[in-house]
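Before any comments, here is the structure.
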Amino acid sequence: MKELLYLNKYFIKYKYHFLLGILFTIIAQIFMLFTPKLISKSFSAIETFSKDAKIPKSVLQHELISNILLIIATSIIAGFLTFLMRQTLIVMSRRIEFDLKNEVFKQYENLSQNFYKKNRTGDLMNRISEDISKVRMYVGPAVMYTINTFIRFAIVILYMYKVSPLLTLYTLLPLPLLSYAIFRLSTEINKRSTRFQQYLSKVSSFTQEIFSGVRVIKAYSLENQHQDNMHALALESKSKSMDLARVQSLFGPLMLALIGISNLVVVYVGGLMYINGTLKSIGTIAEFILYINMLTWPVASLGWVSSMVQEAEASQKRINEFLKIEPEIKNNNPEKSKIEGTITFENVSFTYEDTNITALQNISFTIHKGETLAILGKTGSGKSTILSLISRMYDVTDGAIKIDQQEISRLNLFDLRNSIGIVPQDAFLFSDTIKNNIKFGKEDASIEEVITAAKNAVVHENILGFNKQYDTVLGERGITLSGGQKQRVSIARAIIKNPPILLFDDCLSAVDTETEEAILNNLNAICKEKTTIIVSHRVSSAKNADKIIILEDGKIIQQGSHNQLINQEGYYASLYLKQLSEKELL
Numbered sequence: 001m002k003e004l005l006y007l008n009k010y011f012i013k014y015k016y017h018f019l020l021g022i023l024f025t026i027i028a029q030i031f032m033l034f035t036p037k038l039i040s041k042s043f044s045a046i047e048t049f050s051k052d053a054k055i056p057k058s059v060l061q062h063e064l065i066s067n068i069l070l071i072i073a074t075s076i077i078a079g080f081l082t083f084l085m086r087q088t089l090i091v092m093s094r095r096i097e098f099d100l101k102n103e104v105f106k107q108y109e110n111l112s113q114n115f116y117k118k119n120r121t122g123d124l125m126n127r128i129s130e131d132i133s134k135v136r137m138y139v140g141p142a143v144m145y146t147i148n149t150f151i152r153f154a155i156v157i158l159y160m161y162k163v164s165p166l167l168t169l170y171t172l173l174p175l176p177l178l179s180y181a182i183f184r185l186s187t188e189i190n191k192r193s194t195r196f197q198q199y200l201s202k203v204s205s206f207t208q209e210i211f212s213g214v215r216v217i218k219a220y221s222l223e224n225q226h227q228d229n230m231h232a233l234a235l236e237s238k239s240k241s242m243d244l245a246r247v248q249s250l251f252g253p254l255m256l257a258l259i260g261i262s263n264l265v266v267v268y269v270g271g272l273m274y275i276n277g278t279l280k281s282i283g284t285i286a287e288f289i290l291y292i293n294m295l296t297w298p299v300a301s302l303g304w305v306s307s308m309v310q311e312a313e314a315s316q317k318r319i320n321e322f323l324k325i326e327p328e329i330k331n332n333n334p335e336k337s338k339i340e341g342t343i344t345f346e347n348v349s350f351t352y353e354d355t356n357i358t359a360l361q362n363i364s365f366t367i368h369k370g371e372t373l374a375i376l377g378k379t380g381s382g383k384s385t386i387l388s389l390i391s392r393m394y395d396v397t398d399g400a401i402k403i404d405q406q407e408i409s410r411l412n413l414f415d416l417r418n419s420i421g422i423v424p425q426d427a428f429l430f431s432d433t434i435k436n437n438i439k440f441g442k443e444d445a446s447i448e449e450v451i452t453a454a455k456n457a458v459v460h461e462n463i464l465g466f467n468k469q470y471d472t473v474l475g476e477r478g479i480t481l482s483g484g485q486k487q488r489v490s491i492a493r494a495i496i497k498n499p500p501i502l503l504f505d506d507c508l509s510a511v512d513t514e515t516e517e518a519i520l521n522n523l524n525a526i527c528k529e530k531t532t533i534i535v536s537h538r539v540s541s542a543k544n545a546d547k548i549i550i551l552e553d554g555k556i557i558q559q560g561s562h563n564q565l566i567n568q569e570g571y572y573a574s575l576y577l578k579q580l581s582e583k584e585l586l
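With UniProt numbering as the guide, the letters of the sequence shown map in order to residues 1 to 586.
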């Protein structure tokens, strides 16, 4: 139960729902106990009438009718109070579910890139959906039935004891056996539930990955192979589920068998006590049988509740694993930070934690507001890493990055990222309209601003070619668009934000040279007052930059302007001549 202690803060938050639910439960149970007492009185009246012929039949009828009306009235009141109990406690569980999902989602947002490299998307989704649903069953039905069971037990046993202490003792003899059985079964359920949830995450991760890469699977005609893999995984998950179900299925019959034994004890021992004169009325036996039957569902529900608690314990443990992770990238400055755009790298080195690859070594440069820096180099030279460090997706291993002469870690993290418009190498678009994908950079943008941004990204004409134009809904990850169109929509999304810093990570690789030239001309006009960094493999994207740096194995091997570098022997001049000759051949 130690993992579930994390939820106590929510019980405190919704303490009034919790306490009101307990109050409704207590009052409801008191009203429910009128029925056995009234039935006992009715049996006693019938017994008295059968022994005393002088009692008028009308008196018996009047008492029976009065008892029946009271039973109906108290049952209606008890039912209404039970309804109020469910309304308070189940509503509380839904609110806790809402809060917990938001807490987990916020934690996901705060965790760094390293976290997402180590964990699969399907597993993350399973924890925020399936696992939290299991936890909700604990804070709702499990808590409600536990409260109901203990209150009913306390009140019913108290009433039974007042009627006949000896018969109560015999009736409750099976309870120690019941407690032991619950303990053993609960322990086994916890183990099997944990294994089942783990396999459920594997299934979710596998299917999410397959659906995301379905085009590649179809292209390589691997449907049957992955169907076999899915079948094997589903069979294993089914096996774990059946193991869990087999143990859970023991609870109901076991509880009912023990209740049945208690009923037999009441009939046998109560009958002997009545014959011996220890019990004054046969109605007491009927009253005790009703008390036992009142305990049937609470006792039977102990198994179900125990199962829910064990499943919730396993699920909350999985949730806590992520909630306890301290975000690597923290907002160290709650105060507002104004970003102008001057960026300075001072002997910056960076090593990726997951691979231990040193991506950058002693990188130093300065780019002022309004200037453009182009970064070129071979694949894996560290170009994209520089952009990730500027947006604080990672923190530097050594050295310092400064923006406007302040260390980047001392700036307000959210203001920093709001001041940056980034177009990633792998253009990601949401399953939404083209208009909303562009407006993602500025949610309150007008349609005129959206169109202007699309024109500057040279994608406006392509959008007009769709039936619904800007209201065209894209498939998952923008699958509706071509690679070049996705890149240009991503550029429009960054432009519309109008930030002081623009970062372009090889975002023109999928467009032709003519379109690239048009986009670059538009960017030159847009970026006059902005700090711009362009990562590229093409000299055409870099030639108009104020400064160009060439990276190799994480080190700067060349830097200068276009004119300076084409007159130097080295990577840039060689690349320029190569791409120039390729262009002439075209």
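Glycine residues also receive a C-beta, built at the ideal position from the N, C-alpha and C atoms.
From a predicted model like this one, the values you see are computed outputs, not experimental measurements.
Exercise. In or out: P500 buried (at least 16 other Cβ within 10 Å) or exposed?
Worked result: With 16 or more other CB atoms across the displayed protein chains lying within 10 angstroms of its CB, P500 is buried.
Exercise. Roughly how far, in whole angstroms, is the beta-carbon of P36 from the beta-carbon of F153, given that I think they are within contact range, below 8 Å?
Worked result: Not a contact, Cβ separation roughly 15 Å.
Problem set entry | Uninterrupted alpha helix (DSSP H) stretches inside the stretch 421-455 (no shorter than 4 residues) | Listed in chain order, they are 434-439.
Exercise. When you compare each of Q487, D395, R417, S315 to M137 by their alpha carbons, which one comes out closest?
Worked result: Cα-wise, what sits closest to M137 is S315.
Problem set entry | V473 (DSSP reduced to helix, strand or coil) | Three-state DSSP puts V473 in a strand.
Exercise. So is E569 buried or exposed if we call it buried at 16+ other beta carbons inside 10 Å?
Worked result: Classification of E569: exposed, given that the 10 Å Cβ count is below 16.
Problem set entry | Coil, strand or helix - F350 by DSSP | Under the three-state reduction of DSSP output, F350 falls in the strand class.
Exercise. Exposed or buried, Y10, counting other C-beta atoms within 10 Å across all chains shown (16 or more means buried)?
Worked result: The residue is buried, with at least 16 neighbouring Cβ atoms inside 10 Å.
Exercise. In terms of residue numbering, what span does the beta strand (DSSP E) encompassing Q558 cover?
Worked result: Counting along the chain, the unbroken beta strand (DSSP E) around Q558 starts and ends at 555-560.
For this session: Check the DSSP bridge columns for L503 and list the partner residues they point to.
Result: In the DSSP output, where bridge partners are listed per residue, L503 has I422, I533.
For this session: Within 10 angstroms of the Cβ of M242, are there 16 or more other Cβ atoms? Answer buried if so, exposed if not.
Result: Only exposed fits M242, as fewer than 16 other CB atoms lie within 10 angstroms of its CB.
Problem set entry | Range covered by the alpha helix (DSSP H) that runs through K486 | Run containing K486: 483-497, per the alpha helix (DSSP H) assignment.
Exercise. Closest to I189 by CA distance: which of N114, K240, D404, A525 is it?
Worked result: Scanning N114, K240, D404, A525 for the CA closest to the CA of I189 turns up K240.
Exercise. Can you tell me the Cα-Cα spacing of K202 and S133, whole angstroms?
Worked result: About 18 Å.
Problem set entry | I557 versus K578: straight-line alpha-carbon distance, rounded | Taking the Cα positions, I557 is about 19 Å away from K578.
Exercise. If R410 and N331 are in contact, beta carbons under 8 Å, what's the gap, nearest whole angstrom?
Worked result: Distance from R410 to N331 at the Cβ level is roughly 10 Å; contact not present, criterion being Cβ atoms closer than 8 Å.
Problem set entry | Residues near T342 by beta carbon distance below 6 Å, same chain, minus five either side | Hits under 6 Å: H368, K369, D404.
For this session: To the nearest angstrom, report how far apart E3 and V135 are at their CA atoms.
Result: Straight-line measurement puts the Cα of V135 at about 11 Å from the Cα of E3.
Problem set entry | Burial state of residue 608 (16 or more Cβ within 10 Å) | Residue 608 falls outside the range modelled here, since the chain spans only 1 to 586, and no answer is possible.
Exercise. If you compare alpha carbons, which of I39, L413, F80, A525 is closest to I68?
Worked result: Cα-wise, what sits closest to I68 is I39.
Problem set entry | Q406 - partner residues in DSSP beta bridges | Paired residue(s): I403.
For this session: Assign A545 to one of three DSSP states: helix, strand, or coil.
Result: Coil at A545, not helix or strand.
For this session: Starting from the C-beta of D123, find all residues in its chain whose C-beta is less than 6 Å away, skip the five residues before and the five after it, and write them out in chain order.
Result: Take D123, set aside five residues on each side of it, and the residues of its chain with a beta-carbon closer than 6 Å to its own are S201, S205, in chain order.
Exercise. Any idea if residue 590 is buried or exposed, counting beta-carbon neighbours within 10 angstroms, 16 or more meaning buried?
Worked result: Residue coverage of the chain in this structure runs from 1 to 586, which leaves residue 590 outside it and unanswerable.
For this session: Verify whether the separation of the beta carbon atoms of L60 and A45 is less than 9 Å.
Result: For L60 and A45, yes; Cβs fall inside 9 Å.
Problem set entry | Boundaries of the alpha helix (DSSP H) in which T149 is found, first to last residue | Per DSSP, T149 belongs to the alpha helix (DSSP H) from 143-163.
Exercise. Of all the options G421, M85, E103, which has the alpha carbon lying nearest to the alpha carbon of K442?
Worked result: Nearest option by C-alpha distance: G421.
Exercise. Mind checking G79: buried by the 16 CB within 10 Å criterion, or exposed?
Worked result: Around the CB of G79, fewer than 16 other CB atoms lie within 10 Å, so the residue is classed as exposed.
For this session: Classify G79 as helix, strand or coil using the three-state DSSP reduction.
Result: Three-state result, G79: helix.
For this session: Determine the direct distance from the alpha carbon of N110 to that of I329, and round the result to whole angstroms.
Result: One C-alpha to the other measures close to 8 Å.
Exercise. Considering only residues of the stretch 272-348, which uninterrupted alpha helix (DSSP H) runs meet the minimum length of 4 residues and lie entirely inside it, listed in chain order?
Worked result: The stretch 272-348 contains these whole alpha helix (DSSP H) runs: 283-323.
Problem set entry | Identity of the residues DSSP links to F365 by a beta bridge | BP columns for F365 point to F345.
Exercise. With a CB to CB cut of under 7 Å and the five nearest residues on each side skipped, what residues in its chain are close to V459?
Worked result: Answer for V459: Q485, R488, V489, A492, listed in chain order.
Exercise. Based on the DSSP output, what are the partners of A374 in its beta bridges?
Worked result: Beta-bridge pairing links A374 to I534, I548.
Exercise. Can you give the Cα-Cα distance for L279 and E311, rounded to whole angstroms?
Worked result: L279 and E311 have their C-alpha atoms spaced approximately 45 Å apart.
Exercise. Should T355 be labelled buried (16 or more other beta-carbon atoms within 10 Å of its own) or exposed?
Worked result: Around the C-beta of T355, fewer than 16 other C-beta atoms lie within 10 Å, and the residue is accordingly described as exposed.
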